[in-house]
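Listed in order, the protein sequences are those of chains G and P. If you're matching positions, the first sequence starts at 225 in our numbering and goes up one per residue. If you're matching positions, the second sequence starts at 1476 in our numbering and goes up one per residue. For every residue, glycine included, the Cβ atom is placed at its ideal position computed from N, Cα and C. As the structure is a prediction and not an experimental result, all values here were calculated from the model. Note sheet for the following structure.
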Amino acid sequence: MNFDLDQEERALQAAIRDLCKGVFPMETVRALETSGGVSAETWRALDEAGVFSLRLPESDGGAGLGMTAAVIVFEQLGRALVPGPLVGTHVTRSHGAPVEKLTLISRGDQMIPYLSSSDVVGVLDAEGVWVIRQNEIAAEEIAQPLDPLTPVLRVSSLPQGKNVSDAETASLVRLESTTLTAALLVGIASAETDLAVAYAKERQQFGRAIGSFQAVKHICADMLTRAEVARAAVYAAGVHLDGNGDGDTARAVTGGMLLASEAAFANGKACVQVHGGMGFTWEIDAHLYLKRAAALVALHGGADGYAEEMAAML
Amino acid sequence: MDLRYSESDERFRAEVRAWLSGALPKLPPKPGPHDWDARRAYDTTWQRMLHDAGYAGINWPAEYGGRGASPTEHLIFLEETERAGAPYVGVNFVGLLHAGPTLIAEASVEQKAAHLPKILRGDEVWCQGFSEPGAGSDLASLKTRAVLDGDHYIVNGQKIWTSFAHVADFGELLVRTDPDAPKHKGITWLILPMDAPGIEVRPLRTIAGSSEFSEVFFTDVRVPVENRVGQENDGWRVAMVTFSFERGTAFVGELVRSMKLVEELAELARKLPRGSGSAWDDGGVRRELGLIAAQLDGLWHLTKRTITESERTGVPGIGGSVFKLYYSEVRHHLGDLAMKILGTAALATEDEPAVDHVHGWIHAMSISIAAGTTQIQRNILSERVLGMPKEPS
């Protein structure tokens, strides 16, 4: 048993963290609000770093790594609020389709994120995986999406599309994409904790740092706790998908996603609260993490669905 | 990363399992909750059985008679004993989990030889005299006084929350030896013989209706100087030394029990009638159960991470404090949900199906208080892990 990052995993984590700092500093991320999406150049930087291909064998230009490594990478992407479609592109590439950008949805979804910038949309349903060309989908752009950095379109009609994989692959793709979304959420939950703690140490009221008051520091302790337990659960989901688990894989994935959803959402609200009035301003980043968390959770079926799935496994 | 156990770990698990299946049927019937002599006999018999099979002090170093098991083996041992329904550590709690490890780290050769083998064999029961009516979360403000008189300390004062005091042979006692020094610097750690004249033990009834805790009163109790562990006025450090042994396994038994309970509660919800259906028909109930199950699974994985980290670094990471805070909250939620699902069935506290769930619900209220309240845990995490400034005192 070994459930701690080894030297290589630490190196990978540091490399992605540095990449995000270089390519996606907060100013760049915030600028996307007006520019409307990631530039081809920055997307290529992610691609070249192996974000989408790391699970492919080395002979196919990948790094031959597993889902655990992908979780480590996606946690960092989540922390940095890197926009997508990250998960769909990564998972589809990992299953051998050389897409540039692919957004992945479930059949019946009303909203599609990143549709305008994706070449194709992947659709999961009970029968398998389907692909639809972007220009075959009738959809209307939402003028003010919940997360200003996640453009979404409302679908009016979704064609059946072309079947590319069977039901078994679809369920694996679903487990993988749920796990990587959960990894993004864990990164967000940690970033929210760090942001709140840094502010509480600095902000002075009543002649001292507000972080010295138990009423404030206890909020931060709860944030840390939620993020740490969710991280353990989501790493465990990755390890299960690599075949090195100690229990049921679907349960590990569902549980991880549920905890990550709760942690990112609750920490986002706590982060706004710790910032006080400043937290309610557009200028402070707190709302961007909260809104990204809320959008990711909503786009992946909502936390209640995962809680129901967990209950069904009891 | 790999959550699977090694071949040698699996061999150890099989060995523990085989031994348990042979040993458990040999146990005498479990005594009633208030028959303390019988409870001591039952718990120490079990300890003797563990000892004779080589499982006593599973994580104690081999040179002090323990098994010297790795944290992973310790995890497996706790998991298997809990799953098999083996007796809880019971009256041996303080000796095995706190006083013993403290003696290993700080006691003289003679003190170790006098006590460690007996603790492991179940021949010696210990209690803990730390908390006082005026010293709970602020333990270092304790006032029980010890004054040196020749080769004895004369002890006067009062302790509270002393578990198993009425059946204990010895106590680990914290006393104030220098009232003028800063509060952490004037405390001394003594081995207290519970049969010394001047000790009065008054059982304390808890909200669980149980009486494992006592108040202990000291009137001119004479404790030999040779019973001092560590230097005079260095007792605070001595008392805290056990924290450095913690490897993330402190609450594994608790966690495994709660994981079992949530499964049982789901089964119960499917059976208990509500209107024309069952409690399970309530989506809110199902989702709360699902969330609690995910949280307990998360704590299981956190435990594995803490154990791996401590095997690598040799010191406890932040996992232990995170666990205690988060588990306390989840345990409360599990108990509250059980009360909701049981409805009026909860009123028959000693009957099926209520018994384990109602006891668990009440037990949750001690989990968030004992060994550092939830509020103290939040202080520890925010100040020591997140580096937030201390509240001015």
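For residue 1762 of chain P, the residues of chain G that pass the 7 Å Cβ criterion are 528, 531, 532 and 535, in the order they occur in the chain. Below the 7 Å Cβ cutoff, chain P contributes 1857, 1861 and 1863 as neighbours of residue 444 of chain G, in chain order. For residue 386 of chain G, the pairing in a beta bridge is given by DSSP as G/355.
Distances from the CA of residue 1684 of chain P to each of P/1534, P/1484, P/1479 and P/1824 were compared; the closest alpha carbon is that of P/1824.
By a beta-carbon distance limit of 8 Å, residue 1740 of chain P contacts residue 1813 of chain P. Their separation comes to about 6 Å. Nearest to residue 458 of chain G by alpha-carbon distance, out of G/399, G/284 and G/437, is G/399. For residue 1730 of chain P, none of the residues of chain G pass the 7 Å Cβ criterion, the least Cβ distance being about 12 Å. A distance below 6 Å between beta-carbons, with the five flanking residues on each side excluded, links residue 478 of chain G to the following residues of its chain, in chain order: 530, 533 and 534. Inter-residue distance for residue 347 of chain G and residue 339 of chain G is about 13 Å (C-alpha atoms, whole angstroms). The count of Cβ pairs closer than 8 Å, one atom from the segment 1701-1714 of chain P and one from the segment 1662-1675 of chain P, reaches three, so the stretches are in contact.
Residue pairing from DSSP places residue 1477 of chain P in a beta bridge opposite G/226. Here DSSP, grouped into helix, strand and coil, assigns residue 1542 of chain P to coil. The C-beta of residue 1822 of chain P has fewer than 16 other C-beta atoms within 10 Å across all chains shown, which makes the residue exposed.
Any Cβ of chain G closer than 8 Å to the Cβ of residue 1776 of chain P would place that residue at the interface, and such an atom is present. Under the 8 Å Cβ criterion, the segment 1693-1703 of chain P counts as touching the segment 1615-1634 of chain P, having at least three qualifying pairs. Residue burial annotation: residue 1623 of chain P is exposed, with fewer than 16 other C-beta atoms found within 10 angstroms of its C-beta. Cβ contact annotation for residue 1595 of chain P (same chain, cutoff 6 Å, sequence separation greater than five): 1526, 1531, 1532 and 1540, in chain order. With a cut-off of 8 Å on Cβ pairs, the segment 492-501 of chain G is in contact with the segment 423-443 of chain G, counting three or more such pairs.
For residue 438 of chain G, the chain P residues whose C-beta falls within less than 9 Å of its own C-beta are 1850, 1853, 1854, 1857 and 1866, listed in chain order. Counting only Cβ-Cβ distances below 9 Å, residue 491 of chain G has no contacts in chain P at all, with the closest Cβ about 13 Å away. Residue 1708 of chain P sits in coil when the DSSP states are folded into three classes, being neither helix nor strand.
Residue 261 of chain G and residue 371 of chain G have their C-alpha atoms roughly 13 Å apart. Against chain G, the CB of residue 1476 of chain P has a partner CB under 8 Å away; the residue lies at that interface. Assignment of beta-bridge partners to residue 1664 of chain P by DSSP yields P/1649 and P/1704.
Burial state of residue 1508 of chain P is exposed, judged by a 10 Å Cβ sphere holding fewer than 16 other Cβ atoms. Per DSSP, residue 1760 of chain P is not a residue of any beta strand (DSSP E); the alpha helix (DSSP H) it occupies stretches across 1758-1788. The C-beta of residue 452 of chain G comes closer than 8 Å to at least one C-beta of chain P. Under the DSSP definition of a beta bridge, residue 335 of chain G partners with G/378. One finds 448, 449, 452 and 453 in chain G with Cβ atoms closer than 8 Å to the Cβ of residue 1797 of chain P, taken in chain order.
Residue 1601 of chain P and residue 1590 of chain P have their C-alpha atoms roughly 10 Å apart. Nearest neighbour of residue 349 of chain G by Cα position, chosen from G/330, G/310, G/272 and G/460, turns out to be G/330. Restricting attention to P/1689, P/1673 and P/1672, the CA atom closest to the CA of residue 1680 of chain P is found in P/1689. If you draw a 10 Å sphere on the C-beta of residue 1827 of chain P, you find fewer than 16 other C-beta atoms in it, and that means exposed. Here residue 355 of chain G is actually not in contact with residue 312 of chain G; their C-beta atoms are around 11 Å apart, not less than 8 Å. In the assembly as shown, residue 292 of chain G is a buried residue. Its beta-carbon has 16 or more other beta-carbons within 10 Å.
Look at the segment 395-427 of chain G: the residues with a C-beta under 7 Å from a C-beta of chain P are 421, 424 and 425.
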